[in-house]
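Residues 1 to 106 in our numbering are what the sequence shown lists, from first letter to last. For glycine and all other residues, C-beta sits at the position ideal for the given N, C-alpha and C.
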Amino acid sequence: MKVILPTLKERNRYIVYEIKNNKKYTINEIKNEMMKSMLQFLGELECAKANILILDDFKKNKGIIKVSHKYADKVRVALMLIKNFVVETKGISGTIKKARLKFIGG
1 MKVILPTLKE RNRYIVYEIK NNKKYTINEI KNEMMKSMLQ FLGELECAKA
51 NILILDDFKK NKGIIKVSHK YADKVRVALM LIKNFVVETK GISGTIKKAR
101 LKFIGG
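If you want it as structure tokens, here you go:
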């Protein structure tokens with residue numbers, strides 16, 4: 001099998017977010033609300049192109065979303081439109097390791 005050239009690989013960004021709310025939510029409730037907001041804002045086609053993946057790495061009300069580099073800003077806007085809880089974007093990184101070290105703290 002041939003190796004994919006680096007110029008043809010999809011560039012990902014990792015968005016670190018924090019849930020600001022007094023009520024405790026499970027990771028499944030958070031994922032469902034986020035995906036519902038992204039589907040309403042972006043639509044099905046744009047969500048498919050954005051290649052969104054909400055990672056299960058959820059600690060201290062902070063989590064990570066993997067997204068295509070072209071759609072990082074649109075996904076941030078979709079997160080701002082969630083009404084049940086406040087989602088604050090802590091930052092965007094090019095690698096998951098740097099996202100964890102810089103924004104989550106290990």
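Under 7 Å Cβ to Cβ from residue 66, same chain only, skipping five residues before and after it: list those, please.
Numbered from its first residue, the sequence shown carries residue 66 at position 66. For residue 66, where only same-chain residues beyond five positions count, the Cβ hits under 7 Å are 12, 14, 53 and 55.
Rounded to whole angstroms, what's the CA-CA distance from residue 2 to residue 8? Just pull it up for me.
As a working note, residue 2 is residue 2 in the sequence shown. As a working note, residue 8 is residue 8 in the sequence shown. Their Cα atoms are separated by approximately 13 Å.
When you compare the CB positions of residue 37 and residue 79, do they come within less than 8 Å of one another, or not?
By one-based count along the sequence shown, residue 37 stands at place 37. By one-based count along the sequence shown, residue 79 stands at place 79. Yes, the Cβ-Cβ distance between residue 37 and residue 79 is below 8 Å.
Alpha helix (DSSP H) containing residue 10: first to last residue?
Translated into positions along the sequence shown, residue 10 becomes position 10. No alpha helix (DSSP H) contains residue 10, which DSSP labels as neither H nor E.
Based on the DSSP secondary-structure assignment, which residues constitute the bridge partners of residue 18?
If you number the sequence shown from 1, residue 18 lands on position 18. DSSP lists 62 and 88 as partners of residue 18.
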